[in-house]
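Peer 1: If you're matching positions, the sequence shown starts at 1 in the UniProt record's numbering and goes up one per residue.
Glycine is no exception: its CB is placed at the ideal position from the N, C-alpha and C atoms.
A quick note: this is a predicted structure, and the numbers were derived from the prediction, not measured.
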Amino acid sequence: MSTIDPGVNIYNTSVSRTFSRRSLVLRYATSALVVKEWELDVVLITLAWATALGYFISVCFMMKYGWGSHAWDVSLADMVQYNKYLSPTTLTYMWSPTLTKLSILSVLYRISPARGYQISVYVIAVALLIYTITFTVLLSGPCNPKDVGSGVCLNNLAISQVVLNITTDLSIIILPLPTLHNLQIPFRQKVVVGCILSIASAVLIASIVRAPYVHIMAINPDFTRKQAEAGVWSLVELNMGIVCNNLMRLKPFLRTYLPRVLTFLGLTAKSKQQGENQSKSKSSGNWRGRPSHSYQLNSLEHDDPHHRSFRKEPSVEAAGLGDLDKEPSHHSGSTDDILRS
1 MSTIDPGVNI YNTSVSRTFS RRSLVLRYAT SALVVKEWEL DVVLITLAWA
51 TALGYFISVC FMMKYGWGSH AWDVSLADMV QYNKYLSPTT LTYMWSPTLT
101 KLSILSVLYR ISPARGYQIS VYVIAVALLI YTITFTVLLS GPCNPKDVGS
151 GVCLNNLAIS QVVLNITTDL SIIILPLPTL HNLQIPFRQK VVVGCILSIA
201 SAVLIASIVR APYVHIMAIN PDFTRKQAEA GVWSLVELNM GIVCNNLMRL
251 KPFLRTYLPR VLTFLGLTAK SKQQGENQSK SKSSGNWRGR PSHSYQLNSL
301 EHDDPHHRSF RKEPSVEAAG LGDLDKEPSH HSGSTDDILR S
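So this is what it looks like as structure tokens:
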């Protein structure tokens, strides 16, 4: 078979695009209907989705000029047109995962007020911007696909980006783990919260799977074919990164429309608190119990709501993972303000 079936390519890429689009609609519904507030992470993930769409459109045009075909089957005229689309394809692929990770970091930043933790968030964000901007400059200079002899530079750039993407994905996964480790909450809830905090970087799997294809692409003369093989995984990587990012922020939506899902996952304090209240009320003669409250990330010992509103402690609610039984307060910087998103 001399060509990767364009129909199969479009189908595979369209499926991942559909998932990312639908997850973004749910994210918008959460912001507009439930939270009623638009925050930085929504803006960043929207830009990530737009650049991923740009990558998809560029790939569709490249299919017409040999993307997926063997290089020796592509005419010189088609090759000229093919190279014209390499720049927008590479540029959009660079920026989409960076914007997705910045969106994740904007959420993780609010989980803990610890200075070292927040500095770590800034360091990762700055590193992301530095290498992405550097690659963008290189793409417009020595690595410009339109220039003769830019192939080696492009290949080195692609390999460098794979390594840096995997490194930053791992950093984002590891970042909240020390805070999570210190939580005084049931182990099952720790596991669930940890999975949700890390799910936005689960696209690391796609990045790792894509890495060998990029290496082969760099050394194989059949570059149009190998670029297509790597490109399929690139589309999966971009779109699933957006899907995972949006899933991480759907807790308010699930609480409003699918509360049983949260109860099953152990992300609501209601069932546990009700059990404790019943045992307390049995001993005191009060069968009504007390209303449940939100979990704090680091402690469940302080039950005074005013104490919780003003203290700067790590909070599950910071990522939209805490119990939302209470109305949010409007104290600047409080975890309840963050909770609304």
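Can you name, in chain order, every residue of its own chain whose Cβ lies under 8 Å from the Cβ of N220, other than the five neighbours on each side?
Peer 2: Residue 220 sits at position 220 when you count from the first residue of the sequence shown. Correct list, in chain order: K226.
Peer 1: What do you get for W67, buried or exposed, if any count of 16 or more other CB atoms within 10 angstroms of its CB means buried?
Peer 2: Taking the sequence shown and counting its residues from 1, the one referred to as residue 67 is at position 67. Flag for W67 reads buried.
Peer 1: If I'm right that L138 touches L157 with Cβ under 8 Å, what's the distance once you round it to whole angstroms?
Peer 2: By 1-based counting over the sequence shown, the position of residue 138 is 138. By 1-based counting over the sequence shown, the position of residue 157 is 157. Rounded, the Cβ-Cβ distance is 6 Å, consistent with contact.
Peer 1: Does the beta-carbon of R308 have 16 or more other beta-carbons within 10 angstroms, so that it is buried, or is it exposed?
Peer 2: In the sequence shown, the residue the question calls residue 308 occupies position 308. Annotation note: pLDDT 43 at R308 (below 50); position unreliable, coordinate value reported separately. With 16 or more other Cβ atoms within 10 Å, it is buried.
Peer 1: Are at least three pairs of beta-carbons, each pair with one atom in the segment 47-60 and one in the segment 117-127, less than 8 Å apart?
Peer 2: The segment 47-60, when compared against the segment 117-127, does not touch it at the 8 Å Cβ threshold.
Peer 1: What residue range is occupied by the uninterrupted alpha helix (DSSP H) comprising R110?
Peer 2: Within the sequence shown, numbered from 1, the residue matching residue 110 stands at position 110. First-last for R110: undefined, no H or E at that position.
Peer 1: In whole angstroms, what is the alpha-carbon distance linking G256 and V35?
Peer 2: For the purposes of this step, residue 256 is identified with residue 256 of the sequence shown, where counting begins at 1. For the purposes of this step, residue 35 is identified with residue 35 of the sequence shown, where counting begins at 1. One point to set straight first is that residue 256 is Thr, not Gly, in the sequence displayed. Taking the straight line from one Cα to the other gives about 10 Å.
Peer 1: If you reduce the DSSP assignment to three classes, tell me which class F223 lands in.
Peer 2: On the sequence shown, residue 223 is found 223 positions in, with the first residue counted as 1. It is helical.
Peer 1: Pick helix, strand or coil for S150, following the three-state DSSP scheme.
Peer 2: Residue 150 sits at position 150 when you count from the first residue of the sequence shown. If DSSP states are grouped into helix, strand and coil, S150 belongs with coil.
Peer 1: When you compare the CB positions of L99 and L164, do they come within less than 8 Å of one another, or not?
Peer 2: Position 99 of the sequence shown, counted from the first residue, corresponds to residue 99. Position 164 of the sequence shown, counted from the first residue, corresponds to residue 164. No, they are not a contact pair.
Peer 1: Indicate whether residue 348 and F61 have their beta-carbon atoms separated by less than 8 Å.
Peer 2: The structure shown does not extend to residue 348, since the chain is modelled only from 1 through 341, so no value can be given for it.
Peer 1: Measure the CB-CB distance between I173 and S23 and report whether it falls below 8 Å.
Peer 2: Indexing the sequence shown from 1 puts residue 173 at position 173. Indexing the sequence shown from 1 puts residue 23 at position 23. Not a contact, by the Cβ cut-off of 8 Å.
Peer 1: Would you report the Cα separation of S112 and S96, rounded to the nearest angstrom?
Peer 2: By one-based count along the sequence shown, residue 112 stands at place 112. By one-based count along the sequence shown, residue 96 stands at place 96. Cα to Cα, S112 sits roughly 26 Å from S96.
Peer 1: Can you find the residues in the same chain that come closer than 6 Å, C-beta to C-beta, to W38, ignoring five residues on each side of it along the sequence?
Peer 2: If you number the sequence shown from 1, residue 38 lands on position 38. Same-chain partners within the cutoff: S31.
Peer 1: Taking the alpha helix (DSSP H) that L180 belongs to, which residues open and close that run?
Peer 2: Position 180 of the sequence shown, counting from 1, holds the residue named residue 180. Counting along the chain, the alpha helix (DSSP H) containing L180 begins and ends at 177-181.
Peer 1: Short of 7 Å in beta carbon distance, which residues of its chain neighbour V123, apart from the five on each side in sequence? Order them along the chain.
Peer 2: Counting from 1 along the sequence shown, the entry for residue 123 is found at position 123. Taken in chain order, the list of residues that qualify is empty.
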